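Visitor: According to the UniProt record's numbering, the sequence shown holds residues 1 to 198 in order. Beta carbons: idealized from backbone N, C-alpha and C, even for Gly. It should be emphasised that the depicted structure is a prediction, and the values quoted were computed from it without experimental measurement. The structure under discussion is supplied below as structure tokens; questions concerning it will follow.
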Amino acid sequence: MTTAARSAVADKILNVAGSLFFREGIRAVGIDRIVVEADIAKATLYRHFASKEDLVVAYLQERHAKVMQGLDEVVANDPDPRRQIATIFDRLYEKADNPEFRGCAFALAVAEHGDSERIVTLARLHKRSVADFLRALAERAGFEDPDRIGRHLALLYDGALARRAVYGDPEPMRDARDCALSLFDMAARNASTAHITD
Numbered sequence: 001m002t003t004a005a006r007s008a009v010a011d012k013i014l015n016v017a018g019s020l021f022f023r024e025g026i027r028a029v030g031i032d033r034i035v036v037e038a039d040i041a042k043a044t045l046y047r048h049f050a051s052k053e054d055l056v057v058a059y060l061q062e063r064h065a066k067v068m069q070g071l072d073e074v075v076a077n078d079p080d081p082r083r084q085i086a087t088i089f090d091r092l093y094e095k096a097d098n099p100e101f102r103g104c105a106f107a108l109a110v111a112e113h114g115d116s117e118r119i120v121t122l123a124r125l126h127k128r129s130v131a132d133f134l135r136a137l138a139e140r141a142g143f144e145d146p147d148r149i150g151r152h153l154a155l156l157y158d159g160a161l162a163r164r165a166v167y168g169d170p171e172p173m174r175d176a177r178d179c180a181l182s183l184f185d186m187a188a189r190n191a192s193t194a195h196i197t198d
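Pasting the structure below:
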């Protein structure tokens, strides 16, 4: 179900459920809790979402869309690839510098529901999409091996989120930013050298 096709009630349910899922964990939050917090009847919830898994899937789809929109905004607002990388990690720091931030919603969902093919598939799609975005950024920068650079940037991105989840400290986002910029600079030097020797 797309965001445009959902009703205001469905949006309200999804906003309440999504906030609870991210803050407290998917397994910890039952349908009864969502119904109370959203101030709706249980039948209303099930009219919009046939099961809790459907609600979790919708929550993850919504988060995926927001993350990708945020990444697209970075590219749209600044044509310089190096600054784009810096901004991506700066924004990650801003999100992580919040006591309610728990890390990557997709990794958390798989940790709780690794037996759900739909949830695992969505998490993998999200991770691939972020990695593809970073690969495309490396390609636009003219790097020789954008696939490898994109994978390395994605590892820094995911690793920073994982460390934030474990330690509760946003500083890994800054460390990841520094590493990402060093990687970028090294790749830029390699690309420049390759052009000179061609």
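1. Output needed for L71: all residues of its chain with C-beta closer than 8 Å, excluding positions within five of it in sequence on either side, in chain order.
2. Less than 7 Å separating the beta-carbons of E112 and I26?
3. Across the region 77–92 and the region 41–54, are there enough close Cβ pairs to call them in contact, namely three or more that are closer than 8 Å?
4. Helix, strand or coil: how does DSSP classify R140 here?
5. Measure the alpha-carbon distance for M1 versus L60 and round it to whole angstroms.
6. Give the DSSP-derived three-state secondary structure of A107 in the structure shown.
7. Less than 7 Å between the C-beta atoms of A176 and L156, yes or no?
8. Return the chain-ordered list of same chain residues with a C-beta closer than 6 Å to the C-beta of F49, the five sequence neighbours on each side being excluded.
9. Please classify G150: does DSSP put it in a helix, a strand, or coil?
Guide: Let me lay it out:
1. I88, V130, F133
2. yes
3. no
4. helix
5. Bear in mind that the predicted position of M1 carries a pLDDT of just 45, short of 50, making it too unreliable to give a figure here.
6. helix
7. yes
8. L55
9. helix
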